[in-house]
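Some notes on the structure that comes next.
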Ligand code: BG6
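Numbering (the numbering used here), first residue to last: 2 to 498.
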């Protein structure tokens with residue numbers, strides 16, 4: 002199968018930080034279909050060779066194991082081409098069209114990795130140049146819109162020129178092996194399904210924490226914030242994967258239909274829940290791994306009195322038969338204590354305790370997404386026998402007919418160790434899926450709109466809120482209000498208890 006992959010924004014950050022390394026890994030693994038071209042598109046004046054040299058230089062920033070050797074790069078470089086284009090100019094699309102039509106590849110992928118403001122015009126121009134034929138697939142990066150109205154406007158334009166099956170909306174979390182495993186855990190095993198409901202589960206915690214700050218993206222981030230950057234997409238997609246009903250099969254629409262139902266069932270916000278169930282924070286100066294780091298407002302590109310949130314914690318509920326009343330806590334932020342993404346399922350305690358159990362100990366399933374990829378099942382077992390240490394045996398026996406003292410133990414599955422180098426990274430998988438035309442791991446427009454609909458009241462509330470975001474020192478787990486929020490339900494974040 003021949004393919005042409007056109008990379009709009011071909012010299013941009015995303016292209017050399019994520020896409021080229023992923024395409025190279027696919028090439029190294031032999032999974033990139035033979036007979037392909039990767040065509041970088043940007044305004045720069047570069048020959049094919051100069052583009053190859055540019056990409057090669059950028060691999061110095063990639064982790065060592067993923068950098069190409071000389072001869073490997075030579076093979077990969079043969080796929081790389083460059084077209085100088087101003088993506089606002091129709092004439093430039095005509096030249097691109099000529100290049101593509103001369104080859105007439107089986108599949109043409111247009112990866113729109115430009116500034117988000119250009120998405121719609123790029124799609125319109127692609128169509129105007131006659132490049133939206135059935136062999137064309139268009140990949141749109143997040144953020145797709147700034148709110149519900151702008152997201153709808155993009156989707157409407159895209160719908161006018163492309164069919165839904167041609168549009169691949171990326172949420173790279175769906176491509177992570179650990180997130181695939183979440184689907185495998187739920188729908189490839191029967192073990193947990195009977196337990197996966199309100200009768201057995203007390204609460205669910207989704208944490209995506211980063212120790213990095215806003216890096217060089219201060220200006221973008223200041224206009225975006227954690228709710229739009231992480232919650233509206235990555236965190237809600239994880240919530241869907243946990244909360245959805247088993248799909249009838251593994252086809253894209255069967256999966257996306259079920260995710261959509263979860264988003265539709267999210268309990269709408271009220272004035273009261275907006276005040277009590279959402280915490281926004283912003284990092285101040287602090288220490289990460291022993292190194293002093295500046296506060297958010299001191300970052301390059303950030304306004305000196307910025308109100309943008311770098312942390313969000315919220316409490317959601319899925320109002321349906323399976324989940325009614327079970328709190329789903331979501332928490333994400335920059336410059337937190339660690340880079341850590343995990344989902345914690347806290348099961349209900351035994352209905353009646355006959356053994357002595359450490360306070361707060363419950364069965365817990367921890368789905369580690371990153372940096373560790375694995376599963377932990379926390380159980381209670383007979384701990385070391387304390388009888389000989391007891392000073393007052395008779396009193397003890399009166400208090401408790403059994404000498405059993407339960408202690409927490411855990412089963413630990415490490416998928417990195419088990420599958421190691423055979424695992425495929427998120428962007429590598431997603432790019433191969435686009436080339437092969439598989440939509441399962443991409444977000445449909447209605448899902449995306451529904452997610453925007455749900456977060457929009459929070460954005461509106463903050464717009465009118467006179468309180469500043471709550472400060473937290475870099476290197477901590479966020480503002481104390483996030484702990485207070487969960488404590489009101491009688492629970493605590495998993496690292497606190
Ligand atoms: C991106 C956000 O979508 O995800 C970034 O724009 C964030 O701000 C990144 O850092 C996190 O991705 P990962 O894969 O490193 O967890």
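We put the CB at the ideal spot given by N, CA and C, even for glycine.
1. Along the chain, which unbroken stretches of the alpha helix (DSSP H) at least 4 residues long are found entirely within the region 429-467?
2. Note down the Cα distance separating residue 123 from residue 366, rounded to an integer number of angstroms.
3. Hey, would you say the C-beta of residue 173 is under 7 Å away from at least one heavy atom of ligand 1?
4. Beta-carbon within less than 6 Å of residue 68's beta-carbon, same chain only, minus the 5 sequence neighbours each way: which residues are those?
5. Rounded to a whole number of angstroms, what is the C-alpha to C-alpha distance between residue 428 and residue 370?
6. Compare the beta carbon distance of residue 207 and residue 344 with 8 Å and say whether it is the shorter of the two.
7. Below 8 Å on the Cβ atoms is my guess for residue 168 versus residue 456; work out the distance and round it to an integer in Å.
8. Nearest to residue 484 by CA position, among 166, 475, 476 and 494, is which residue?
9. How about residue 43 and residue 12: are their beta carbons less than 8 Å apart?
10. Since residue 165 contacts residue 349 with CB under 8 Å, what's their CB separation in whole angstroms?
11. Can you list, in chain order, the residues of its chain whose CB lies under 6 Å from that of residue 222, leaving out five sequence neighbours each side?
12. My parser needs the beta strand (DSSP E) runs of 3 or more residues fully inside the region 122-180; what are they?
13. Excluding the five sequence neighbours on either side, which residues of its own chain have a C-beta within less than 7 Å of the C-beta of residue 431, listed in chain order?
14. For a test of the three-state rule: what should DSSP assign to residue 334, helix, strand or coil?
15. List the whole-angstrom C-beta distance separating residue 407 from residue 358, where the pair is believed to meet the contact cut-off of C-beta under 8 Å.
16. Looking at the structure shown, is residue 375 part of a helix, part of a strand, or coil, going by DSSP?
17. Measuring straight from C-alpha to C-alpha, what distance separates residue 210 and residue 145?
18. What does DSSP give as the partner residue(s) for residue 364 in the beta ladder?
19. Assuming residue 294 and residue 286 make a contact with CB atoms under 8 Å, what is their CB distance in whole Å?
20. I believe residue 275 touches residue 459 by the beta-carbon criterion, under 8 Å. Please report the beta-carbon distance rounded to the nearest angstrom.
21. Using the C-alpha atoms, what's the distance from residue 236 back to residue 315?
22. Count the other CB atoms, across all protein chains shown, that sit within 10 Å of the CB of residue 260; report buried if there are 16 or more and exposed otherwise.
23. Using CA atoms only, rank isn't needed, just tell me which of 381, 420 and 84 is closest to residue 375.
24. Mind checking whether the beta-carbon of residue 230 lies closer than 7 Å to any heavy atom of ligand 1?
25. For residue 133, which residues of its own chain have a beta-carbon under 7 Å away from its beta-carbon, when the five flanking residues on both sides are left out?
26. Would you mind stating whether residue 114 and residue 280 have Cβ atoms separated by less than 8 Å?
27. Is it true that the region 255-271 meets the region 238-246, where meeting means three or more beta-carbon pairs spaced less than 8 Å apart?
28. What alpha helix (DSSP H) runs, 4 residues minimum, are completely inside the region 52-125?
29. Does ligand 1 have even one heavy atom less than 7 Å from the beta-carbon of residue 485?
30. Buried or exposed: residue 317, going by 16 or more other Cβ atoms within 10 Å of its Cβ?
31. Taking just the CA atoms, how far does residue 326 sit from residue 319?
32. DSSP beta-bridge partners for residue 500?
33. Can you grab the Cα-Cα spacing for the pair residue 255 / residue 440, in whole Å?
34. Pull up the distance between the alpha-carbon of residue 454 and that of residue 158, whole angstroms please.
35. Identify every run of the alpha helix (DSSP H) within the region 221-252, keeping only runs that are complete inside it and at least 4 residues long; order them along the chain.
36. Which whole-angstrom value is the C-beta distance of residue 108 and residue 436, which I expect to be below 8 Å?
Taking the definition as stated:
1. 446-465
2. Sequence index remark: in the chain shown, residue 123 carries index 122 (1-based). Sequence index remark: in the chain shown, residue 366 carries index 365 (1-based). C-alpha separation (whole angstroms): 44 Å.
3. Counting from 1 along the chain shown, the entry for residue 173 is found at position 172. Yes, the Cβ of residue 173 comes within 7 Å of a heavy atom of ligand 1.
4. One-based indexing of the chain shown puts residue 68 at position 67. If we look at residue 68 and ignore the five residues flanking it on each side, its Cβ neighbours are 60.
5. Against the chain shown, residue 428 aligns to sequence position 427. Against the chain shown, residue 370 aligns to sequence position 369. If I take the Cα positions, the gap works out to 16 Å.
6. One-based indexing of the chain shown puts residue 207 at position 206. One-based indexing of the chain shown puts residue 344 at position 343. Yes, the pair counts as a contact, with Cβ atoms nearer than the cut-off.
7. Here residue 168 is taken as the residue at index 167 of the chain shown, counted from 1. Here residue 456 is taken as the residue at index 455 of the chain shown, counted from 1. Contact flag wrong, Cβ pair sits at about 21 Å.
8. What you label residue 484 is simply residue 483 of the chain shown in a count that begins at 1. Nearest option by C-alpha distance: 494.
9. The sequence position of residue 43 within the chain shown is 42, counting from 1. The sequence position of residue 12 within the chain shown is 11, counting from 1. It is a contact, given that the beta carbons lie within the stated cut-off.
10. On the chain shown, position 164 is the one that residue 165 refers to. On the chain shown, position 348 is the one that residue 349 refers to. In fact, because the Cβ distance is near 41 Å, the residues do not count as touching under 8 Å.
11. Residue mapping note: residue 222 aligns to position 221 of the chain shown, counting from 1. Cβ neighbours of residue 222 beyond the five flanking positions: 215.
12. 137-141 and 168-170
13. The residue you call residue 431 lines up with position 430 of the chain shown. Within the same chain, residue 431 has close Cβ partners 171, 173, 176 and 442.
14. Locating residue 334 in the chain shown gives position 333, counting from the first residue. Residue 334: strand per DSSP, three-state reduction.
15. Position 406 of the chain shown holds residue 407. Position 357 of the chain shown holds residue 358. At roughly 5 Å, the Cβ-Cβ gap stays under 8 Å, so residue 407 and residue 358 are in contact.
16. By 1-based counting over the chain shown, the position of residue 375 is 374. Of the three classes helix, strand and coil, the one that applies to residue 375 here is strand, per DSSP.
17. Here residue 210 is taken as the residue at index 209 of the chain shown, counted from 1. Here residue 145 is taken as the residue at index 144 of the chain shown, counted from 1. Roughly 22 Å separates the two Cα atoms.
18. Counting from one through the chain shown, the residue named residue 364 turns up at place 363. Per DSSP, none; premise fails for residue 364.
19. Taking the first residue of the chain shown as 1, we reach residue 294 at position 293. Taking the first residue of the chain shown as 1, we reach residue 286 at position 285. So it is a contact: roughly 7 Å between Cβ atoms.
20. To locate residue 275, count along the chain shown from 1; it is residue 274. To locate residue 459, count along the chain shown from 1; it is residue 458. Indeed, because the Cβ distance is near 7 Å, the residues count as touching under 8 Å.
21. Here the question's residue 315 lines up with position 314 in the chain shown. Here the question's residue 236 lines up with position 235 in the chain shown. When rounded, the distance between both Cα atoms is 11 Å.
22. Looking up residue 260 in the chain shown gives position 259. Answer is buried; the Cβ neighbour count reaches 16.
23. Residue 375 sits at position 374 when you count from the first residue of the chain shown. When each option's Cα is compared against that of residue 375, the closest is 420.
24. Position 229 of the chain shown, counted from the first residue, corresponds to residue 230. It does: the Cβ of residue 230 is within 7 Å (strictly closer) of some heavy atom of ligand 1.
25. Counted from its first residue, the chain shown places residue 133 at position 132. So the list reads 127, 162 and 163, once near-sequence residues are dropped.
26. Stepping through the chain shown from its first residue, residue 114 is reached at position 113. Stepping through the chain shown from its first residue, residue 280 is reached at position 279. The answer is no: Cβ separation not under 8 Å.
27. yes
28. 71-78 and 91-104
29. In the chain shown, residue 485 corresponds to position 484, counting from 1. Not so, every heavy atom of ligand 1 lies at least 7 Å from the Cβ.
30. As a first step, residue 317 is located in the chain shown; it is residue number 316 there, counting from the start. It counts as buried.
31. Numbered from its first residue, the chain shown carries residue 319 at position 318. Numbered from its first residue, the chain shown carries residue 326 at position 325. Each residue's Cα considered, the two are about 8 Å apart.
32. There is simply no residue 500 to check, as the chain begins at 2 and stops at 498 in what is shown.
33. Here residue 255 refers to the residue found at position 254 of the chain shown. Here residue 440 refers to the residue found at position 439 of the chain shown. Straight-line Cα distance between these residues: approximately 11 Å.
34. The residue you call residue 454 lines up with position 453 of the chain shown. The residue you call residue 158 lines up with position 157 of the chain shown. The alpha-carbon atoms of residue 454 and residue 158 are separated by roughly 19 Å.
35. 237-244
36. Locating residue 108 in the chain shown gives position 107, where the first residue counts as 1. Locating residue 436 in the chain shown gives position 435, where the first residue counts as 1. Going by Cβ atoms, the distance from residue 108 to residue 436 rounds to 6 Å, so yes, they are a contact pair.
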